[in-house]
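Shown next, in structure tokens, is the structure this report addresses.
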Amino acid sequence: MKNKVTVQPKIKIRKGDLVKVIAGDSRGQEGKVLSVLITKSRILVEGVNLVSKHTKPNAANPNGGIIKKEAALHISNVALVDPKTGATTRVGRKLNADGKLVRVSKKSGEEIK
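Residue numbers (my numbering): 423 to 535.
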């Protein structure tokens with residue numbers, strides 16, 4: 423039996439980016455990326471894809487109960503929001519004046535910070 427080689431995909435969305443959900447139940451919602459799960463190709467977006475989680479009483483939550491929590495979305499279901507126009511865009515890479523590779527918006531050509 424051969425060893426399975428896993429290749430990590432090149433993910434162009436990073437923590438802190440503003441993204442818009444383009445597919446699924448949360449379609450149309452915008453939020454900031456909280457974390458990126460590279461190996462699973464999934465991301466957590468602030469205030470999007472909320473699920474109810476039943477919790478037992480603990481030190482942080484003495485009463486327990488049901489809390490709303492963000493669940494991971496697949497990376498293909500979100501698109502980056504262009505910093506200049508506010509529309510969704512794809513991500514490209516270019517060399518800037520300093521010779522450093524930076525992410526740029528495909529629609530406006532604006533650098534993504």
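Where is the CB? At the ideal position from N, CA and C, for every residue including glycine.
Taking 8 angstroms as the threshold (C-beta atoms), are residue j and residue i in contact?
i    : j    : result
V443 : N499 : yes
E468 : G487 : no
K463 : H496 : According to the sequence as given, residue 463 is Ser; it is not Lys. Yes. Within cutoff.
L502 : I435 : yes
V526 : E532 : yes
What does the alpha-carbon distance come out to for the pair residue i and residue j?
i    : j    : result
K491 : V473 : 5 angstroms
A481 : G508 : 42 angstroms
D447 : K506 : 27 angstroms
T510 : D520 : 27 angstroms
S534 : K424 : This sequence places Ile at residue 534; Ser is not what is there. Using only the alpha carbons, I get a separation of about 41 angstroms.
K478 : A493 : 19 angstroms
V513 : N471 : 23 angstroms
R449 : N485 : 33 angstroms
In three-state DSSP terms, what is residue i?
i    : result
I488 : strand
S463 : coil
S498 : helix
K516 : strand
K454 : strand
V470 : coil
V526 : strand
E532 : coil
T510 : strand
V443 : strand
Exposed or buried, what is residue i when buried is set at 16 or more other beta-carbons lying within 10 Å of its beta-carbon?
i    : result
I489 : exposed
N483 : exposed
L466 : buried
V427 : exposed
V455 : buried
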